[in-house]
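Counting in the working numbering, the final residue of the sequence shown is number 206, and the numbers go up one at a time with none missing. For each residue, glycine too, the CB sits at the ideal point set by N, CA and C. Values in this document were obtained by computation on a predicted structure and should not be read as measured data. Accompanying notes for the structure given below.
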Amino acid sequence: MTVYGSLHSAFGPQHWWPATGSEEMIIGALLTQNTNWKNVEKALSNLRRNDLLSFHYIIKTPLSQLEKMIKPAGYFRQKSLRLKTLAETIIATGGLDSLDLLTTLELREWFLRQSGIGPETADSILLYAFKRPVFVIDAYTLRICRRHNWLNDKDNYRKAQEFFTRKLPLKVDIFNEFHALLVQIGKNFCRTKKPLCQECPLEPFL
Ligand code: SF4
């Protein structure tokens, strides 16, 4: 059985990204930096309650009000400013439909030029909001790959992304699911210290 097959059998479909639309997905991707998803959910829930899961409404909302709602996600001043700036820039560019006309490479470069968006956030947005076949790499994925000798310690984000892109069919649904499944492994088994290999679905691949 393949790594993907083993993970899928162990955990089942992950239904990522947990958002009702592209704008909510992008907002969540910005808020999830340096915090856990539970905290993001609290901030999203505050925004939802105030009808603010929309770029059009975010740009009309005073920063101080956004900060109050985003507070549970941490770094709330920085995140509120980045979110408001991103919402303004996206709308000034013609909205998500307009951005969707860009090639995947152009779209990635566009997001990487925005404040506070690095490769992992940009690729998450490309995959989960724009449905582009871009594999997302995170700290869990790097750790798992290194422990299995699929990558060496010096291999960086780009090398890891090339590895998965080379090995997998270029399909959005597989990239979507595989990343989410690797996050499950990272959270539940492949801890920084004392990985739980004996109980892990990837143990046969060591
Ligand atoms: S088998 Fe061990 S090293 Fe491999 S992913 Fe699982 S916990 Fe990590």
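If you pair each beta-carbon of the segment 56 to 76 with each one of the segment 38 to 47, do three or more pairs fall below 8 Å?
With a cut-off of 8 Å, the segment 38 to 47 and the segment 56 to 76 count as touching, because enough Cβ pairs lie within range.
Does the beta-carbon of Cys197, which I'm using as the reference point, lie nearer than 7 Å to any heavy atom of ligand 1?
yes
How is the alpha helix (DSSP H) around Thr35 delimited, first residue to last?
First-last for Thr35: undefined, no H or E at that position.
Does the Cβ-Cβ distance between Ser6 and Leu170 come in under 8 Å?
no
Using a Cβ-Cβ cutoff of less than 6 Å, which residues in the same chain neighbour Thr141 once the five nearest sequence positions on both sides are dropped?
Leu182
Report yes or no: do three or more beta-carbon pairs, one from the segment 21 to 34 and one from the segment 112 to 130, lie closer than 8 Å?
yes
Identify the continuous alpha helix (DSSP H) that holds Glu199 and give its terminal residues.
Run containing Glu199: none; DSSP gives neither H nor E here.
Quick check: is any heavy atom of ligand 1 less than 7 Å from the C-beta of His226?
Residue 226 falls outside the range modelled here, since the chain spans only 1 to 206, and no answer is possible.
What is the residue span of the alpha helix (DSSP H) that Gln184 lies within?
If you look at Gln184, you'll find it in the alpha helix (DSSP H) that goes Val172 to Asn188.
Nearest by alpha-carbon distance to Ser115: which of Thr85, Leu96 and Lys193 is it?
Thr85
In whole angstroms, what is the alpha-carbon distance linking Gly214 and Phe135?
The first residue shown for the chain is 1 and the last is 206, placing residue 214 beyond what the model contains.
Locate the alpha helix (DSSP H) running through Arg191, then write down its first and last residues.
Looking at the DSSP string, Arg191 is not in any alpha helix (DSSP H), and its letter there is neither H nor E.
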